Every structure is written in C-alpha cells, then in structure tokens.
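The numbering used here numbers the first residue of the sequence shown as 2 and each following residue consecutively.
Idealized CB from N, CA, C, for every residue including glycine.
Bear in mind the structure is a predicted one, so any value in this text is a computation, not a measurement.
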Amino acid sequence: MLPTINQFLYLQVASSDEEEAALEYKSRIADSSADELLIDVPILEGTGRYKRLYLGDEISAYYMTQEGVKHYFNSHVLGFREDAVRLVRIRKPEPDSVTKVQRRHFLRVAAELEIAITLSGSVRFIGVTDDVGGGGVSFMADAKWPIKPGTELDCWLLVPYRNGSVDHAQFKAEVIRVKLENGKRQIMAKFAKIADSERQRIIRFCFERQLDFRKQ
C-alpha cells in the first residue's frame, strides 16, 4: 500500500548534524504521479519551523494507515514545483521497498556492531552483533559465558552513523534463543526495557544501513 494524496508523512532528513538528523518533521502529500510524490514543505510540529530541503537530500519517511500500522520508506528530493505554494518533489517508493512496522515488529538489518554485556550484575564481556533492529539484537559471544533462554542482560550497543558520528544505546534484553556455532554462542534477545530515545538511535542506524544496502 503506497501513500496517497492528503496523507501525512513524517520525515527525518539525513544530515551531518546529529541533532538535526534526529528531528522529525511533518508534511502532507499534495499530489502524486507515476514515480513522484509532491509534498508540502515539512514543518517541525510544536515550533512551526519549516525545513528547507535541497535537491538530492536523503530522507527517511513513514505514514500510518487507519489501523495504526506505520509504513516506512527511504526517498530523496528530486526538485520542486511552484504552485500557489511551493511543493517538494520526492521519489515515490517501490511497493516492495515499503516496510510495515507494527507494534511488535521492527526493521532488522545485518550488522557487526560491538555490544558490551553485563551478566548477573558482575560478569562483563564484549560480543559482536550479527543483526540488530528496533525490537532486539542477535550477537555472537564466547561459549564460556553462562547464558540461556530467559537470562536478562544489561547491554550497551555501539551505534555508528553515516555522518561519522558514534552513539551508544543502553537497554535490558531478555535472551530468547541460544545456539552453539563454531565454538561460540549465538544469542538472540529481545528488548525487555529500553527508552524510546535509545530505541530511536537503533532504528535510525537500521534505516541508514538499509539505504546503504539498496545503493549497492
């Protein structure tokens, strides 16, 4: 299901400024064609500040259905059209590139990130993720650590962004599955306790990584 005219879009714009890249803007689809969406100039809710966009700007966007399901896609600015008001032309997503995100389902991407684990309040070790997402992580660790399904972990995940900045996401995770593989444990865990701001850091990384994959 692609976005339709008069539907609202919520946008984040790629930027070398970390704070600016984290801001979410609201826009409305004013018109569409076979391969373009024309949207109002995005506005930062609560402030009334408009976001000036430039040709080639990369954006991550989502829209919501009446059932409350978020649909995410990546796009970029193609140009502008001057009507009674200025409209921004962005690339319309391909139907199979739109990712549906429901309450308990988040985009996951393959990624090798460093993750620091504290087990039972005292045992500390480092692992490397094989995939991450807004709902949990999977990582590899030495087989000597006593980890089994149901174990709660305190985690600090190193989160790098495309602009070269590095952030950390802190959370508690519950182990769902453990599998032995080449003398190591593959640990699959879901977030048991995570602040929205921490989850958004991980989701931002996932969208940037997905954009990189699509360019390859």
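Taking the CA atoms as reference points, lysine 149 sits about 12 Å from serine 121. By alpha-carbon distance to valine 89, the top candidate from Leu212, Ala174 and Leu12 is Leu12. With respect to the 7 Å criterion, aspartate 155 and threonine 119 are classified as neighbours on the basis of their beta carbons.
Beta-bridge annotation (DSSP): leucine 39 is paired with Asp32 and Arg90. For the 7 Å CB-CB criterion, valine 110 and glutamine 211 form a contact.
Going by C-alpha positions, valine 133 is about 8 Å away from cysteine 207. Excluding the 5 residues flanking it on each side, isoleucine 60 has same chain C-beta neighbours closer than 6 Å at Leu12, Val14 and Ser76, in chain order. By the criterion of at least three beta-carbon pairs nearer than 8 Å, the stretch 17 to 24 is in contact with the stretch 157 to 174.
For lysine 71, the enclosing beta strand (DSSP E) stretches over residues 71 to 83. Three or more beta-carbon pairs drawn from the stretch 133 to 142 and the stretch 180 to 189 are found closer than 8 Å, and the two stretches are therefore classed as touching. Collapsing the DSSP output to three states places arginine 109 in a strand. Looking from the CA of leucine 3, the closest CA among Glu95, Ala112, Leu108 and Gly80 belongs to Glu95. Beta-bridge partners assigned by DSSP to lysine 27: Tyr11 and Ile44. Taking 7 Å as the cut-off, the Cβ atoms of alanine 112 and isoleucine 127 do not count as close. Following the DSSP letters along the chain, one finds glutamate 59 inside the beta strand (DSSP E) bounded by residues 59 to 65.
As DSSP reads the structure, serine 139 sits in a beta bridge with Asp132 and Met189.
Close CB contacts of alanine 22 within its chain, under the 8 Å cut and outside five residues either way in sequence, are with Gln13, Val14, Ala15, Ser16, Tyr162, Asn164 and Arg205 (chain order).
Contact between tyrosine 26 and isoleucine 44 holds, since their C-beta atoms are separated by about 6 Å, short of 8 Å.
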